[in-house]
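Working notes for the structure below.
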Amino acid sequence: MAARVLVGVKRVIDYAVKIRVKPDNTGVVTDGVKHSMNPFCEIAVEEAVRLKENKLVKEVVAVSCGPQQVQETIRTALAMGADRGIHVEVSGKDYDSLGPLQVSKILAALAKKEEASLIILGKQAIDDDCNQTGQMTAALLDWPQGTFASEVAIEGDKLKVIREIDGGLETIKINLPAVVTADLRLNTPRYATLPNIMKAKKKKIANVKPAELGVDLTSRLEVLRVDEPPQRQAGVKSKRSSVHTSTGDLFMEVVPTSDSTPAVIPSAQLLLQAF
Amino acid sequence: MAFTRTLGKVGRQLYRPWASCQAPLRPTSSRTIAVEQSASAGTGFPPLQTFTEEETMMRDAVRKYAQERVAPLVSKMDENSSMADEVIKSLFEQGLMGIEISTEYGGTGSSFFSCMLVVEELAKVDASVAVMCDIQNTLINTLMSNLGTEEQKAKYLPRFATDMIGSFCLSEAGSGSDAFSMKTRAEKQKDYYIINGSKMWITSAEHAGVFLVLANADVSAGYRGITCFIVDRDTEGLEIGKKENKLGLRASSTCAVNFDNVKVHEKNILGKVGQGYKYAIGMLNGGRIGIAAQMLGLAQGCFDHAVPYTRQRMQFGKRIFDFQGLQHQIAYVATQLEAARLLTYNAARLKEAGRPFVKEASMAKYFAAEVATLTTSKCIEWMGGVGFTKDYPVEKYYRDCKIGTIYEGTSNIQLSTVAKLLDQEYNS
Chain U
195 MAARVLVGVK RVIDYAVKIR VKPDNTGVVT DGVKHSMNPF CEIAVEEAVR
245 LKENKLVKEV VAVSCGPQQV QETIRTALAM GADRGIHVEV SGKDYDSLGP
295 LQVSKILAAL AKKEEASLII LGKQAIDDDC NQTGQMTAAL LDWPQGTFAS
345 EVAIEGDKLK VIREIDGGLE TIKINLPAVV TADLRLNTPR YATLPNIMKA
395 KKKKIANVKP AELGVDLTSR LEVLRVDEPP QRQAGVKSKR SSVHTSTGDL
445 FMEVVPTSDS TPAVIPSAQL LLQAF
Chain C
133 MAFTRTLGKV GRQLYRPWAS CQAPLRPTSS RTIAVEQSAS AGTGFPPLQT
183 FTEEETMMRD AVRKYAQERV APLVSKMDEN SSMADEVIKS LFEQGLMGIE
233 ISTEYGGTGS SFFSCMLVVE ELAKVDASVA VMCDIQNTLI NTLMSNLGTE
283 EQKAKYLPRF ATDMIGSFCL SEAGSGSDAF SMKTRAEKQK DYYIINGSKM
333 WITSAEHAGV FLVLANADVS AGYRGITCFI VDRDTEGLEI GKKENKLGLR
383 ASSTCAVNFD NVKVHEKNIL GKVGQGYKYA IGMLNGGRIG IAAQMLGLAQ
433 GCFDHAVPYT RQRMQFGKRI FDFQGLQHQI AYVATQLEAA RLLTYNAARL
483 KEAGRPFVKE ASMAKYFAAE VATLTTSKCI EWMGGVGFTK DYPVEKYYRD
533 CKIGTIYEGT SNIQLSTVAK LLDQEYNS
C-alpha cells in the first residue's frame, strides 16, 4: 500500500483570463491578473484524495514552488482534501526562471525526504505547456512513470495505468514507487465545500527552501523574447481546386491566400471524424 | 483600539462630536481583529473591499459553483417556476445553508460577512437561489442559534445545515408592513398552544421541513403577545397553500400557509412567550443586509452581462460603448453599484463588529434595491432588442429586482427607520 502521495500543484494564470504580453516583451503580464490552480493539477489532487478516501493511501501532501502567493493554491488543495502542504519558497528572478528541470529536482528531493511512494502531477501546466516535470522527476528518482493517465488503479505493490496516447488507450503496469501525470479525463475535480475550506485553515503548510533540499535553481534556459502570436489573416477564396477521397467525400481544398501562398484547408467533416 | 475598528466611522466622529449614538463597544470576534492586524501592517485603515483569506476562498468557491452548477439551470427553473432539487441538494452539500452554524452542529462555522459574500455570488447567477440561501442563513439559522434551547438547537441546527429548509412565517394577507397587527392566534390549552390563522407570502414553503411561525398568544397584550413557534411540516392542521405565480424570483416558491387548530407543545416555543415581536425585528435587521447583498449581486450580475455586449455591438462604425451618451450612463450605474456595495459591506462589517448597524443596514437594503432596479432597467436598454428577449438573461434580472424594494421591509419602511434613527441621533 502506498503510504504517502505527493501532489504537485502549480499556481498559473486563470484559464479564462485573456493573456497579454508585457510591453517590453520579456514575458506576460501577471500583476493584478487572476491566478488559480492549474486545471491538470486539480485533477491530480482529486485523484490523490480519492485514493485516500478508498483507503489505498494514508496521506496526501500538496506541494507548490513559488512566492508567498502559492500558499493560496496549496490551501485550495487542502480544501479539496489534502492533509498537509509544503511550500517551497522560490521568488524573484529564481521564480521567473523556474522550469520543469528545477521543479523536478525539488520534487525528487522532497519525495525522498517525505518517503513518498507515489507522485501525482498534472500532465502539463497551462502557462508553459511543457509536459516535462513528471517525466523528469521519474528519471531523477529512477522511478517508473505513467503519463497522460486517464485511469489509475493500485494493485498490491503495482500500479495499473491506462494512458491516453495518439492511437487510443494503452494499459501499463508499473512498480511502485512511481510517478503519474494526470490527463483531462482522469476524473472531475470536486468543488471545495465551505466546511472543507474552513477545515483547511487548520491544516499545516510547512515552509522549505530549495537550498535545504540541496537543489540548485540555476536555469539552463534564457528567455530572449516573448511575442504575441501573429494576428490571424483572413483567407481569400477565389478559384478553388479540391481533392476528393476515393468515396467522393471532400478531403481538402487548396485556396490562394492574400500573400499568394496557397493554404490547404482540410475538410471540416474529416477533421471531426479524425477526433 | 476604538479607532482601528471604525472603518469609516472615524470621519463621522470628527465631523459631529456632539452626536453620540454609539452603544458601548462590545468585544469583536477574533476574525475581524485578525483582518486589521494584517491590514494595518500595511495601510492602516483597510478599504471596505478587503477580505480575509477565508472570505476570499469562500467567495471564489461559491462563484465557481454558481457558474458551473447553478447557471445552466436558471432559465428552466424560472420558466417552470420551480427550484431544481439538484440545486437545493448541492446548496446543502457545499455547506452554503449553514454558514454561520458552528461545526459542532455540522455547520460551516464561518462568519456573517462570508455569508454575505456567498449570497452576493449566488445572486449574480440567480436571485431565487440566493434568497433561499439568505433566508436560511440570516433568518432561520440566526433565530435558532440565538434563541434555541440546547434541545431545540441539537434537534434543528444539524438539519438546517445538512438537509432541511426552514421557512419564516410573519406576514399575512392583512398585515405586511404592519406586521404586529397579525391575526394568527395561539390559544394556550394546558401545555399546548392551538394555532389558528393564515400566513401569506412565505418563501420556500414548498420545500420547508419546518416553519418558524409568529402568532399572538395573548391578544389582549397587543403585539406583546406575539410568540415564535417551531412547527414541523407534518404537524396536523398545517396546510401549504398554492404557489404564487410571480413576476420575478419565480424559482423561489412563495405560498400561503394555513393553520387549522394546529397543536404545538409549549416546548416548541422559540425564545420567550410574548417576545416574538422583538425577535422578529432584531433578526430582520440583519436579514436586511442579506437582501442588500442579494440585490447587489443581482445588479452586478446583470451589469456583467450587459457591458461586454456594449463593447462588441457595432453601430455607425464603432462600438456602442464608444458613444459618450452610453459611456456616461454606464459609468453612472457603475458608480451607484459601487456605492451600494460599500453600504452593504460596511453594514455587514459593523454588525460583525458588534456595533450599532440598524441605520446602515436599512440604508444598504433601500439603496441596493433601488440600484438594482436602475441597473437592470438600464442594462435592458443598453442591449436593445436582444435585451428584451428571453434568450438573454438580462430581462430576468429586471423582473427579479422588483421584489427587493418590497420584501423584508419595503423601501418606505426602510426610509422611515432611517429617519427615526436620525431623529434620535440629533436628540442628544
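Protein chains in written order, with this note's numbering: chain U, 195 to 469; chain C, 133 to 560. All C-beta atoms, glycine included, are put in the ideal place defined by N, C-alpha and C.
Item, Value
"Cut-off 7 Å between Cβ atoms - residues of its own chain near Pro-525 (chain C), not counting five sequence neighbours on either side", "His-437"
"Nonlocal neighbours in the same chain, by C-beta distance under 6 Å from Phe-453 (chain C), ignoring five residues either side", "Thr-442, Arg-443"
"Check whether Leu-344 (chain C) and Ile-272 (chain C) have beta carbons under 8 Å apart", "yes"
"Whole-number beta carbon distance between Val-206 (chain U) and Val-215 (chain U), since they are thought to touch under 8 Å", "The Cβ separation is near 16 Å, so there is no contact."
"Contact list for Ile-231 (chain C) against chain U, beta-carbon separation under 8 Å", "Leu-388"
"Where Gln-339 (chain U) falls: helix, strand or coil (DSSP)", "strand"
"Among C:Gly-373, C:Glu-319, C:Lys-331, the one whose alpha carbon lies nearest that of Ser-352 (chain C)", "C:Glu-319"
"Whole alpha helix (DSSP H) elements within the region 472 to 496 of chain C, 4-residue minimum", "none"
"Pairwise C-alpha distance: Ala-394 (chain U) and Val-211 (chain U)", "27 Å"
"Element boundaries [beta strand (DSSP E), containing Lys-367 (chain U)]", "362 to 369"
"For Ile-280 (chain U), the nearest candidate out of U:Glu-240, U:Thr-365, U:Asp-336, U:Pro-261 (CA to CA)", "U:Pro-261"
"Beta-carbon spacing of Arg-365 (chain C), Gly-329 (chain C) below 8 Å", "no"
"6 Å CB neighbourhood of Cys-153 (chain C) in its chain, flanking five on each side removed", "Note that Cys-153 (chain C) scores a pLDDT of 40, beneath 50, so its modelled location is shaky; the value from the coordinates is reported in the next line. Here the set comprises Glu-557."
"Inter-residue spacing [alpha-carbon to alpha-carbon] between Gly-306 (chain C) and Tyr-355 (chain C)", "15 Å"
"Counterpart residues of Cys-301 (chain C) in DSSP-defined beta bridges", "C:Val-345"
"Distance, Ala-262 (chain C) Cα to Ala-216 (chain C) Cα", "14 Å"
"Of the residues C:Ala-412, C:His-339, C:Phe-361, the one placed nearest Glu-540 (chain C), counting alpha carbons only", "C:Ala-412"
"Residue closest to Glu-338 (chain C), alpha-carbon to alpha-carbon, out of C:Ser-246, C:Phe-361, C:Glu-371", "C:Glu-371"
"Ser-234 (chain C): first and last residue of the uninterrupted alpha helix (DSSP H) it sits in", "Looking at the DSSP string, Ser-234 (chain C) is not in any alpha helix (DSSP H), and its letter there is neither H nor E."
"DSSP-derived helix/strand/coil call for Tyr-529 (chain C)", "helix"
"Chain C contacts from the region 375 to 400 of chain U (Cβ-Cβ distance under 7 Å)", "Tyr-385, Ala-386, Thr-387, Leu-388, Pro-389, Ile-391, Met-392, Lys-395"
"Members of the region 244 to 275 of chain U that neighbour chain C once the beta carbon cut-off is set at 8 Å", "Glu-266, Arg-269, Thr-270, Ala-273"
"Buried versus exposed call for Ser-298 (chain U) [16 or more other C-beta atoms within 10 Å across all chains shown]", "buried"
"The region 293 to 309 of chain C touching the region 242 to 254 of chain C, judged by at least three CB pairs closer than 8 Å", "no"
"Val-374 (chain U) - containing beta strand (DSSP E), residue span", "372 to 376"
"Rounded distance between the beta-carbons of Val-389 (chain C) and Lys-331 (chain C), thought under 8 Å", "5 Å"
"Contact with chain U by Lys-510 (chain C), beta-carbon distance below 8 Å", "no"
"One or two residues paired with Lys-331 (chain C) in a DSSP bridge", "C:Val-389"
"Limits of the alpha helix (DSSP H) - the one that Arg-420 (chain C) falls within", "408 to 444"
"Where Asp-555 (chain C) falls, given that 16 or more other Cβ within 10 Å makes a residue buried", "exposed"
"C-alpha distance - Asp-310 (chain C) paired with Arg-445 (chain C), whole-angstrom precision", "48 Å"
"Under 8 Å between C-beta atoms of Gln-468 (chain C) and Val-503 (chain C)", "yes"
"Local conformation of Cys-360 (chain C) per DSSP, three classes", "strand"
"Per-residue contacts from Glu-186 (chain C) into chain U (C-beta, under 8 Å)", "Ile-391, Met-392, Lys-395"
"Selection from C:Ile-334, C:Ile-220, C:Gly-419, C:Glu-236 that minimises the alpha carbon distance to Asp-295 (chain C)", "C:Ile-220"
"Length of the line joining the Cα atoms of Cys-387 (chain C) and Ser-336 (chain C)", "8 Å"
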